[in-house]
Every structure is written in structure tokens, then in C-alpha cells.
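Visitor: Once you've had a glance at the structure underneath, I'll fire off some questions.
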Amino acid sequence: MSSRASTARVPGMGMLRETGKLFALGLDVARGIFQRPFQVREFIQQSWFIASVTILPTALVAIPFGAVISLQFGSLARQLGAQSYTGAGSVLATVQQASPLVTALLVAGAGGSAICADIGARTIREEIDAMEVLGVSAVQRLIVPRVLACMLVALLLNGMVSVIGVLGGYFFNVVLQDGTPGAYLASFSALAQLPDLWVGELKALIFGFIAAVVAAYRGLNPPPGPKGVGDAVNQSVVITFLLLFVVNFVITLIYLQVVPAKLD
Numbered sequence: 076m077s078s079r080a081s082t083a084r085v086p087g088m089g090m091l092r093e094t095g096k097l098f099a100l101g102l103d104v105a106r107g108i109f110q111r112p113f114q115v116r117e118f119i120q121q122s123w124f125i126a127s128v129t130i131l132p133t134a135l136v137a138i139p140f141g142a143v144i145s146l147q148f149g150s151l152a153r154q155l156g157a158q159s160y161t162g163a164g165s166v167l168a169t170v171q172q173a174s175p176l177v178t179a180l181l182v183a184g185a186g187g188s189a190i191c192a193d194i195g196a197r198t199i200r201e202e203i204d205a206m207e208v209l210g211v212s213a214v215q216r217l218i219v220p221r222v223l224a225c226m227l228v229a230l231l232l233n234g235m236v237s238v239i240g241v242l243g244g245y246f247f248n249v250v251l252q253d254g255t256p257g258a259y260l261a262s263f264s265a266l267a268q269l270p271d272l273w274v275g276e277l278k279a280l281i282f283g284f285i286a287a288v289v290a291a292y293r294g295l296n297p298p299p300g301p302k303g304v305g306d307a308v309n310q311s312v313v314i315t316f317l318l319l320f321v322v323n324f325v326i327t328l329i330y331l332q333v334v335p336a337k338l339d
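The opening residue of the sequence shown carries number 76 in my numbering; numbering runs sequentially from there.
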């Protein structure tokens, strides 16, 4: 029995192989960011496209997210007699956790699926193979601008979601739960610190990178036939969602261990 046939029957070997290829593509993209020539026009076009399909859904989702976090935390704080800390809890939860995840999920669902469909269509039409034959790097020409566009849009959308979520949480806490505006703002300024904002932005950058790389990888390796492109899009979204939650857990764990909490 050949070694290839024996390794093909090892449980999980195919998954490990796919994971290695995905990681290798991520390294190629990271290296290609610093290589020249840089596709400025492609980067601008992709940034505009991804922003156009994600801004409105992200803004609409940010409002109920901020409201739910504020209402839930406000209700819990009232039960514990800690209403003065409602602002800090809801704002920190929005900035650190909700904003990066909402941004990444919508960038992956809207922008990532479009990237996967575009690259997958090029792959089944053998355009990617033709580019490689001509000596043109598909990673440098097509994937790097799309990855950078996803990272930029995710970074900007994260800031927008943070602002909308905080304002929405303030409104719902003050208006619906009879909270005090001064206590809401005072608790936030007392417990929040600048690294809380930086970790949210860092998460948005990493999540945008992961979403774009996974979408590009599935687009470069779709199942055969036109139906395979649709299957690759679905797979890219599901894989991205799973990776985002795992990476978010790891980053949050490291952040809580490295950055000490600010004491009132």
C-alpha cells in the first residue's frame, strides 16, 4: 500500500492538510502586503465595494446590540444594587466584545462571501491558472488588495459600531430604565481605559484578515462545477464564524491577563 493511500485513510488528515494550506495562504498574504507593486486601484475598488455592502446592515445591527447589552446589564445591575456601574459595564462590553464581533460577522457574511464568489468564479474559469502560467501572482494581484480592503473596512466599521452601540445603550439606559446620565458617563470614565479601545480595534483588524483569507482560500479551492462555488461560499462563511469566536476567546483571554483592570 502506498504512503499516500495510507495517509489518506488517517482520520483527520484531510482537515489538517486543509488547515496547513489555509495557514500557508495567510503567510503568503502577510508577506505579499509588503511586496511591490501594490495594486492601489484594486484596493480602492474593493474597499468601496465592501463598505457599500456592509455599512447599512452594520449600522442597523449595532443599534439593537447596544440596546440589548445596556438593558440586560442595567437590569442585572439593578438587582445587585450596582446601578452606578451600568455605563461602564455596557460600554466596555460593547467596545471590547460586541463591536468587533458584529463588524467581523457582517464583513465575513457580505464582503467575504462576495470575495469567495469572485475568486471561485475565476478559478473554475481557469483564470487563476492562466495568471500563474503568465508569471502573475494571483495572491499579489487579487487576494492581497481584498484582504487589506477587508481589514480597513472592518477597522472603520468597528469604530462606527462602537459609537452607535454606546449611544444606543446610553439612550435605552437613561430613557427606558430611568438611569442617570451623569452616573452613566462617570462610571465609564472611572473604569474604562485606553487599551479597551485598542483591543477592540486590534480584534477588528485580525477578524477582517481572517475573514478575507478564509474567503480567498475557499475561492481558490472550490468543489468542481458551478455549484461548487456556491458550496465554497457557504463553507467560507461557516468556517470564518467558527474561527472568529475561537480567536476572540484567545485574544480576550490574553488581554485580561496582560492588561490589569482599572480600579475605581
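All C-beta atoms in this analysis are idealised placements derived from N, C-alpha and C, irrespective of residue type, glycine included.
What does a CB cutoff of less than 6 Å around Phe-320 pick up in its chain, not counting 5 residues either side in sequence?
Guide: Correct list: empty, nothing qualifies.
Visitor: Given a cut-off of 8 Å on the beta-carbon distance, is the pair Val-182 and Gly-283 in contact?
Guide: Yes.
Visitor: Pull up the distance between the alpha-carbon of Ser-212 and that of Ser-174, whole angstroms please.
Guide: If you take the alpha carbons of Ser-212 and Ser-174, they lie about 35 Å apart.
Visitor: Within a Cβ cutoff of 6 Å, which residues of the same chain sit near Ala-189, ignoring the five residues on either side of it in sequence?
Guide: Around Ala-189: no qualifying Cβ.
Visitor: For Ile-194, which residues in the same chain have their Cβ closer than 7 Å to its Cβ, ignoring the five residues on either side in sequence?
Guide: If we look at Ile-194 and ignore the five residues flanking it on each side, its Cβ neighbours are Leu-217, Ala-291, Gly-294, Leu-295.
Visitor: Could you round the C-beta distance between Gly-275 and Asn-233 to whole angstroms and report it? I think they count as a contact, below 8 Å.
Guide: That belief holds up - the Cβ atoms of Gly-275 and Asn-233 are roughly 6 Å apart, short of 8 Å.
Visitor: Of all the options Arg-221, Gln-268, Asp-306, Leu-328, which has the alpha carbon lying nearest to the alpha carbon of Glu-117?
Guide: Ranking the options by Cα distance to Glu-117, first place goes to Arg-221.
Visitor: Taking all protein chains shown into account, do 16 or more other C-beta atoms lie within 10 angstroms of the C-beta of Gln-110, making it buried, or fewer, making it exposed?
Guide: Classification of Gln-110: exposed, given that the 10 Å Cβ count is below 16.
Visitor: Could you check how far apart the C-beta atoms of Leu-97 and Val-170 are, in whole angstroms? I think they sit under 8 Å.
Guide: So it is not a contact: roughly 30 Å between Cβ atoms.
Visitor: If you draw a straight line from the alpha carbon of Asn-248 to that of Gln-172, how long is it in whole angstroms?
Guide: Roughly 19 Å separates the two Cα atoms.
Visitor: Out of curiosity, what's the CA-to-CA distance linking Ala-340 and Val-241?
Guide: Nothing about residue 340 can be read from this structure; the chain reaches only from 76 to 339.
Visitor: Report all residues from its chain with a CB closer than 8 Å to the CB of Leu-328; omit the five preceding and five following residues, and keep chain order.
Guide: Excluding sequence neighbours, Leu-328 sits near nothing in its chain.
Visitor: Report yes if the C-beta distance between Leu-91 and Val-288 is below 8 Å; otherwise report no.
Guide: Contact: no.
Visitor: When DSSP labels each residue in this structure, what does Gly-294 get in the three-state scheme?
Guide: If DSSP states are grouped into helix, strand and coil, Gly-294 belongs with the helices.
Visitor: For the alpha helix (DSSP H) containing Ile-239, name the first residue and the last one.
Guide: Ile-239 -> alpha helix (DSSP H) spans 219-246.
Visitor: Using the rule of at least 16 other Cβ atoms within 10 Å of the residue's Cβ for burial, across every protein chain shown, is Arg-197 buried or exposed?
Guide: Buried, because 16 or more other Cβ atoms sit within 10 Å of the Cβ of Arg-197.
Visitor: Closest by CA to Ile-326, which one among Ala-142, Leu-277, Thr-315, Ser-311?
Guide: Minimum Cα distance to Ile-326 is reached at Leu-277.
Visitor: Which residue wins for smallest C-alpha separation from Gly-303, given the options Tyr-245, Ala-126, Ile-199, Ser-122?
Guide: Checking every option, the nearest Cα to that of Gly-303 belongs to Ile-199.
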